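Our numbering numbers the first residue of the sequence shown as 141 and each following residue consecutively.
A virtual CB, placed ideally from N, CA and C, is assigned to each residue, including glycine.
Quick caveat: nothing in here was measured; it's all calculated off a predicted structure.
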Amino acid sequence: MAAKVLVTGCNGLLGTELVNALSAEYDVTGIDLREVDIVDPVVVRSFMQQTRPEIVTHAAAYTDVDGCESNRDLAMSVNGDGTKNVAMACREIGAKLIYFSTDYVFNGKKDSAYLETDKPNPVTIYGQSKLAGERAIADTTDNFVIMRIAWLYGAHGKNFVKTMLRLGQAQIEAKQAGKMTDPLKVVNDQIGNPTWTADIARQIELLIGSDVTGLFHATSEGECSWYEMTRQLFRLRSMDVDLLPCKTEEFPRPAPRPARSSLENQRLKQLDLNRMRPWAEALEEFLRKVEDV
Ligand SMILES: NC(=O)c1ccc[n+]([C@@H]2O[C@H](COP(=O)([O-])OP(=O)(O)OC[C@H]3O[C@@H](n4cnc5c(N)ncnc54)[C@H](OP(=O)(O)O)[C@@H]3O)[C@@H](O)[C@H]2O)c1
141 MAAKVLVTGC NGLLGTELVN ALSAEYDVTG IDLREVDIVD PVVVRSFMQQ
191 TRPEIVTHAA AYTDVDGCES NRDLAMSVNG DGTKNVAMAC REIGAKLIYF
241 STDYVFNGKK DSAYLETDKP NPVTIYGQSK LAGERAIADT TDNFVIMRIA
291 WLYGAHGKNF VKTMLRLGQA QIEAKQAGKM TDPLKVVNDQ IGNPTWTADI
341 ARQIELLIGS DVTGLFHATS EGECSWYEMT RQLFRLRSMD VDLLPCKTEE
391 FPRPAPRPAR SSLENQRLKQ LDLNRMRPWA EALEEFLRKV EDV
């Protein structure tokens, strides 16, 4: 019989992808805030006792990076305490826990990509709360994978690729209608690894099938700025958009953004388990396969 997999945050950007991808091979149940609020330990425990998944992929989180700055208690309670609740329930029923953490556990000041052995030092409440989740897991169970991911895009939910395609298309239509348009400005001084959610799902499938545990970085290979990614996106879609690089300070946000938060998938490579591919290759396939983006 197929193993039972629970996906928390199943209506989100990553959770939707995980449910779709893992359902081919596993007996998958998805839950989101409406079914189970992870902040409530009693609800989490009783749901897990009843359903008894063997693997829990925990994608539920409070992910609004700027919102976290003004809602610290909510961020810590969902991303820290909520994750602790999930970890305790997993330990009780003997389930393996796969948790998604973030490049934002780092301050972005290193001059090369971060390794799993680098010390986290988050500069945002979001990053602190996700790190609290990591620590809660490591304090609760041995049967876990913490996977640090970054700069996600995909077919579901709001994300950067969809926003840029919408803004680019709007500019093209305005120009065609003879209207004056401003160039689209995108920051060129934040560097990271754009990663397609489908690639994370593939990587997870491989890890579920192995018996590895512990901390992993898992992002697309290679790094770029948001501007470089956008330029590549418009090139791949043959969209003639006026695009300009700009600096982060032109778009002040409540949460500071790490300048270079690239991750190196060192442990996956050491164990010969790295399935992640170059970011531009993944972006090209995403645009080819997901036509209605
Ligand atoms: N997106 C990225 O670029 C990125 C980068 C690094 C790491 N990650 C991590 O990857 C995971 C998935 O991210 P994502 O972008 O897919 O997030 P997302 O689209 O925001 O989805 C998160 C889901 O969690 C749900 N949720 C929020 N609070 C909850 C609660 N108290 N109980 C149960 N469910 C709750 C949300 O429901 P509502 O919508 O109803 O609030 C939402 O459906 C997260 O752990 C995130 O920290 C994401």
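Quick one: give me the first and last residue of the alpha helix (DSSP H) that residue i is part of.
i	result
P181	181-191
L154	153-162
R428	419-429
C150	Here C150 belongs to no alpha helix (DSSP H), and DSSP marks it neither H nor E.
L305	300-316
Does the beta carbon of residue i come closer than 8 Å to any beta carbon on chain C?
i	result
R407	Looking for chain C here will not work: only one protein chain is present.
Can you tell me the Cα-Cα spacing of residue i and residue j, whole angstroms?
i	j	result
G332	R288	13 Å
E345	M304	30 Å
E274	M320	49 Å
G294	R231	31 Å
D412	F356	13 Å
A200	D279	20 Å
Of the residues the options, which one's Cα is nearest the Cα of residue i?
i	options	result
G248	Q330, E389, D339	Q330
V245	T280, I238, Y254	Y254
E363	L403, S350, T337	L403
S350	M216, W419, N283	N283
Less than 7 Å between the CB of residue i and some heavy atom of ligand 1, yes or no?
i	result
L154	yes
L423	no
L237	no
W291	yes
A200	yes
T203	yes
F240	yes
K302	no
T321	no
G220	no
L173	yes
N160	no
Could you pull the start and end residues of the beta strand (DSSP E) that residue i belongs to?
i	result
M287	284-289
S266	Correcting the residue type first, residue 266 is Tyr in the shown sequence and not Ser. Where Y266 is concerned, there is no enclosing beta strand (DSSP E), although the alpha helix (DSSP H) it sits in stretches over 265-280.
S241	236-242
I171	167-171
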